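Notes to accompany the following structure.
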């Protein structure tokens, strides 16, 4: 695969290098959000540095000039400096951090600013509940921010007092009557909701804009993508759940709030539309959003759309409830867009990312005339983040063989080559050998083409026999592709000599809406046919060791591995690894997503028990025979660990070779450095125990 983003400068390569291993993976720096100065002269990015020894990660801010000057560290003393954002005048950068400064240690994240030329960071808030996210107001003197507050209290002093008392409580129980009370790996703060507030930087005064109302921001804590400030600084657009009973399954409406009067104006509050990511146009006349037409089907995906608030004498959209018009920009385009969205500075187009066949480009979509499809502004790899100012676009993009890089490119000239702004990780990766990454296609379920990504070990010899390992992605509405993985890195799996196959089975994102929706109500059926078709193709390759074929997967990939154990004849796969996989559909009703998952199954378990059971691996336990490593985290609220424990116990009860790796302090992902190393070690040892190579690979020649 061609790497489309060469570094600005490359470290002198070594003649010999080792394949990627987990310790090297955890020495690599990881980039967070990127923000571009208003004049485009520099970007600022959060850079996380993990420590295997200390078993934690620190982050600081780096300044990346766009004029080829050297990058430099902007902050150094914070534990986790993040969410950097340039001020409207470009004279300073605001960020969120938890620090100790002037004999005061932050007990929750607070807002800081630092001059663009460096110096000491200045704390601007001492708000007890902390700051979740923020955006500048155009005057540069205030920010709007989100925070978890007690809705019945008035004033910042009361919130601070309540927060102090909460921290001193001795009880550990969590009591609620809410339907949406937990998300991912944490409970929604008991008794609190997410509000929009104003912070005056000079005085530190905090004003709750939602105080005394039933309004709250979405409970999934999507950061500052759920609200935006009008260019005049007078209004804020935000999405919210209009229901009296918030649930994860509910759609989101769009409203505006006047900062001075706190008057709220609903713009689009329609049961047929679910909106996200509002951002005002430069002239303030329109709001770009990601709009999903859920009135057609619950699986409707987000499309770029414009909301235009109604003015005196203007017409509203036919059939749309609210004081605005709604227009989808590319109604015939079947790719789901991601938030955030950004406007071109002249207001002619909206920029966003969207997956497309195992990649995630940056797209440009004109707003004046309806287009058949947006055009690609930045291709190759996976765009993780971006920002725009003037004619400069900064892009944060990775590839299958390199973590995210920061590049600058022209907005007007898409053909112009991007410029690398940093060389993070280059010196370390100069000593790493990556195997070839190849994209192939097989004929899968329904006679349709299915994409498969292959990752070969360094120094691959096609004349020798190699074990084959399916690494099955989760989701299911996700995809494997040209991206660098931290948790399931295929190069680490390939290093001992395996060939890794990653199948973008039916249901994967980036292949059209029909392909994505094809598994609704029959989960496991088409995906297994796709994986089996890929296995048939792999076994036809002369380098494939037919006696050593494995299948491993996490989340929905873990579900598919458990599904395979009950549906594939013993012996075809030598061993399985199931991480955080759904095993019992009824038990999984304990998940945070209990309101949304039944829609994909076609029923809730009491409405159609047979249909739900037919899509649950536990129903086929009597047909399971293949050895399996089961791994799970106790803090996993997306697929609760009762699934992994029940699967492991079932295998033990049936006398099937099984091993359990359980983490009391990890969620759906294994995120702590030492736990990650343990997970990778157990993964490799399990396959080695069942015939896979385990010896430390020899140094390989690197072609550069």
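Numbering (my numbering), first residue to last: 1 to 704.
Just so you know, even glycine gets a beta-carbon here, dropped at the ideal spot from N, CA and C.
Remember, predicted model here, so these are calculated numbers, not experimental data.
Short of 7 angstroms from the beta carbon of residue 533, and not among the five residues preceding or following it, lie these beta carbons of its own chain, in chain order: 442, 443, 444 and 450. Note that the C-beta distance between residue 264 and residue 254 is not below 8 angstroms. Under a 10 Å Cβ-count criterion, residue 490 is classified as buried, with 16 or more other Cβ atoms of the shown protein chains found around its own Cβ.
Bridge pairing for residue 256: 237 and 265 [DSSP]. Excluding the 5 residues flanking it on each side, residue 113 has same chain C-beta neighbours closer than 6 angstroms at 92, 94 and 122, in chain order. With respect to the 8 angstroms criterion, residue 638 and residue 668 are classified as neighbours on the basis of their beta carbons. Among the bridge pairs identified by DSSP, residue 136 is matched with 143. About 6 angstroms separates the beta carbons of residue 194 and residue 219, which is inside the 8 angstroms limit, making them a contact pair. Taking 8 angstroms as the cut-off, the Cβ atoms of residue 357 and residue 210 do not count as close.
In the three-state reduction of the DSSP assignment, residue 594 falls in the coil class, being assigned neither a helical nor a strand state.
No Cβ-Cβ contact shorter than 8 angstroms links residue 283 with residue 381. Counting every other CB atom within 10 Å of its CB across the protein chains shown gives residue 679 a total of 16 or more, marking it as buried. A contact between stretches requires three or more CB pairs, one per stretch, nearer than 8 angstroms, and the segment 63–75 meets this requirement with the segment 34–49. Non-local beta-carbon contacts of residue 175 in its own chain, meaning distances under 8 angstroms to residues more than five positions away in sequence, involve 190 in chain order.
For residue 412, the CB contacts under 7 angstroms within the same chain, skipping 5 residues up- and downstream, are 391 in chain order.
For residue 237 and residue 146, the gap between their C-alpha atoms comes out near 13 angstroms.
Residue pairing for residue 550: DSSP places it in a beta bridge opposite 469 and 575.
Taking the Cα of residue 384 as reference, the smallest distance to any Cα among 261, 355 and 138 is reached at 355.
In terms of Cα proximity to residue 467, the closest of 479, 485 and 494 is 494.
Setting aside the 5 residues that flank it on each side, residue 343 is surrounded in the same chain by 279, 281, 282, 288 and 350, each with a C-beta closer than 7 angstroms to its C-beta; the list follows chain order. For residue 105, the pairing in a beta bridge is given by DSSP as 100. With contacts defined by Cβ atoms closer than 8 angstroms, residue 576 and residue 549 do not form a contacting pair. Comparing C-alpha distances from residue 157 to each of 129, 177, 169 and 180 shows the shortest one belongs to 129.
When C-beta atoms of the segment 136–144 are compared with those of the segment 193–208, three or more pairs fall below 8 angstroms, so the two segments count as touching. If you look at residue 537, you'll find it in the alpha helix (DSSP H) that goes 525–539.
Within the segment 410–439, the alpha helix (DSSP H) runs of at least 4 residues that lie entirely inside it are, in chain order, 426–429.
Taking a cut-off of 8 angstroms on C-beta distances, the segment 497–509 touches the segment 519–529, as three or more cross pairs fall below it.
If you look at residue 366, you'll find it in the beta strand (DSSP E) that goes 362–366. In summary, residue 606 is exposed, with fewer than 16 beta-carbon neighbours lying within 10 Å of its beta-carbon over all protein chains present.
Minimum Cα-Cα distance from residue 214 among the listed residues 566, 192 and 206 corresponds to 192. Scanning the segment 284–318 from its first residue to its last, no whole alpha helix (DSSP H) run of 4-plus residues comes out. Beyond the five residues adjoining it in sequence on each side, residue 310 comes within less than 8 angstroms, by CB distance, of 316, 323, 324 and 325 in the same chain, given in chain order.
Its chain contains 245, 246, 247 and 595 as the residues whose beta carbon lies nearer than 8 angstroms to that of residue 179, once the 5 sequence neighbours on both sides are disregarded; these appear in chain order.
Counting C-beta pairs closer than 8 angstroms gives three or more between the segment 615–635 and the segment 651–659, which meets the contact rule. Per the DSSP secondary-structure output, residue 352 pairs in a beta bridge with 363.
In this structure, residue 547 keeps its C-beta atom at 8 angstroms or more from the C-beta atom of residue 561.
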